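Student: Residue numbers (our numbering): 8 to 278.
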Amino acid sequence: MRIPFATFGALGGLAVGIGAALAHPMGNVSISHYAGLEISPAEVRVKYLLDYAEIPAEPELLRVDPNGDDRVVPEERAAYLDAKTAEILRGLRLEVNGKPRELHSVWSAVSFPPGESGLSTVRIAWDLRASLAEGELLPRNFLVWNDTNHEGIGGWKEIRMTALDGLGIARAFPPTAPSVGEALDYPEERLWNPPTDTKGWCHFGVGLAPEAGPGDDAGTATDRPATDRPATDRPADGRGRGRAAPIAIGAAALLLLVAFLARRSAKRRHG
8 MRIPFATFGA
18 LGGLAVGIGA
28 ALAHPMGNVS
38 ISHYAGLEIS
48 PAEVRVKYLL
58 DYAEIPAEPE
68 LLRVDPNGDD
78 RVVPEERAAY
88 LDAKTAEILR
98 GLRLEVNGKP
108 RELHSVWSAV
118 SFPPGESGLS
128 TVRIAWDLRA
138 SLAEGELLPR
148 NFLVWNDTNH
158 EGIGGWKEIR
168 MTALDGLGIA
178 RAFPPTAPSV
188 GEALDYPEER
198 LWNPPTDTKG
208 WCHFGVGLAP
218 EAGPGDDAGT
228 ATDRPATDRP
238 ATDRPADGRG
248 RGRAAPIAIG
258 AAALLLLVAF
268 LARRSAKRRH
278 G
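1. Please report the distance separating the alpha-carbon of Val103 from that of Arg78.
2. Ignoring anything shorter than 3 residues or poking outside the region 114-202, list the beta strand (DSSP E) runs there in chain order.
3. Pick from Val117, Pro201 and His40: whose alpha carbon is nearest that of Ala90?
4. If I follow the unbroken alpha helix (DSSP H) through Asp89, where does it start and stop?
5. Can you grab the Cα-Cα spacing for the pair Leu150 / Phe211, in whole Å?
6. Can you tell me which of the three DSSP states Leu57 falls into?
7. In three-state DSSP terms, what is Glu65?
8. Kindly indicate the opening and closing residues of the beta strand (DSSP E) around Glu109.
9. Look at the alpha carbon of Asp172 and the alpha carbon of Leu57, and state the distance between them as a whole number of angstroms.
10. Could you tell me if Glu123 is buried or exposed, where buried requires 16 or more neighbouring beta carbons within 10 angstroms of its beta carbon?
11. Are at least three pairs of beta-carbons, each pair with one atom in the region 30-43 and one in the region 187-206, less than 8 Å apart?
12. Quick check on DSSP: helix, strand or coil for Val51?
13. My output table needs one value for Val71: the three-state DSSP class, helix, strand or coil.
14. Per DSSP, what kind of secondary structure is Thr227 in: helix, strand or coil?
15. Can you tell me whether DSSP reads Glu218 as helix, strand or coil?
16. Could you check how far apart the C-beta atoms of Met33 and Trp163 are, in whole angstroms? I think they sit under 8 Å.
17. When you compare only the Cα positions, how much space is there between Pro194 and Gly207?
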């Protein structure tokens with residue numbers, strides 16, 4: 008597969024204005040996360056996605072195409088996903104009733120959606136599983152999820168929890184709305200105030216029904232205690248599209264892009 012990498016000619020379009028440099032819905036320096044947890048009596052399944060905007064996508068593209076020929080062959084794709092899976096698993100923690108659960112990947116995929124001015128973005132999806140022993144669940148159980156990958160980088164960060172096969176969720180944090188879903192379809196009305204959730208929890212069990220109260224599934228963003236919204240999950244310099252101070256960010260992104268492309272150009276001349 009050929010990746011639509013940028014050339015220096017693409018910088019002309021980026022230089023027209025700062026707005027052009029912020030084409031990704033969450034800003035071109037963002038990395039967005041989606042974690043969809045499905046809890047059943049036998050396992051916890053996690054649909055985990057990462058969406059790298061144009062600038063953070065550059066080092067990922069260099070990793071997936073180490074020989075710089077602008078093509079990703081199956082061997083390169085497999086090697087990249089193996090390494091990336093091991094990397095992201097180190098940053099994920101799942102606990103059920105106080106016991107850490109080992110996650111493993113049963114499927115993964117990487118794609119390269121086009122970005123601004125010929126640049127690529129990178130999207131990676133995983134199907135992760137953690138087994139639960141037969142008969143180990145209690146009438147009421149407590150699950151904790153923590154994602155420490157790419158800490159401090161802005162973007163849409165969403166956690167959704169659902170219970171299956173007779174299980175119900177009594178209380179949960181964070182609330183379930185809004186959602187980009189597995190398609191990472193960012194809702195326009197929330198781009199300037201996206202969720203920034205990297206930690207979540209829920210009480211679940213057989214036949215449990217939702218309980219009213221702050222922080223449960225029926226809650227709203229304003230219900231969340233301040234301690235559950237750490238400042239590190241939201242850039243201190245502002246909100247919106249995972250970015251703040253747009254002019255400064257856009258200028259920095261342009262300089263970073265020049266550096267990456269210059270490095271690639273030098274690699275090709277001497278490769």
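Note that CB positions come from ideal geometry on N, CA and C, so glycine has one too. Computed from a prediction, not measured in an experiment: that's the story for all the values here.
Tutor: Inspection of the coordinates gives the following:
1. 42 Å
2. 129-138, 148-154, 164-170 and 174-180
3. Val117
4. Pro81 to Arg97
5. 8 Å
6. strand
7. Looking at Glu65 - three-state DSSP - the assignment turns out to be helix.
8. It is not in any beta strand (DSSP E) - Glu109 carries neither H nor E in the DSSP assignment.
9. Roughly 28 Å between the two C-alpha positions.
10. Taking all protein chains in view, the Cβ of Glu123 is crowded by 16 or more other Cβ atoms within 10 Å, so the residue is classified as buried.
11. yes
12. strand
13. helix
14. Only weak support exists for where Thr227 lies, its pLDDT of 34 falling under 50; the value from the coordinates is given anyway. Residue state, collapsed to three classes: coil.
15. coil
16. 5 Å
17. 21 Å
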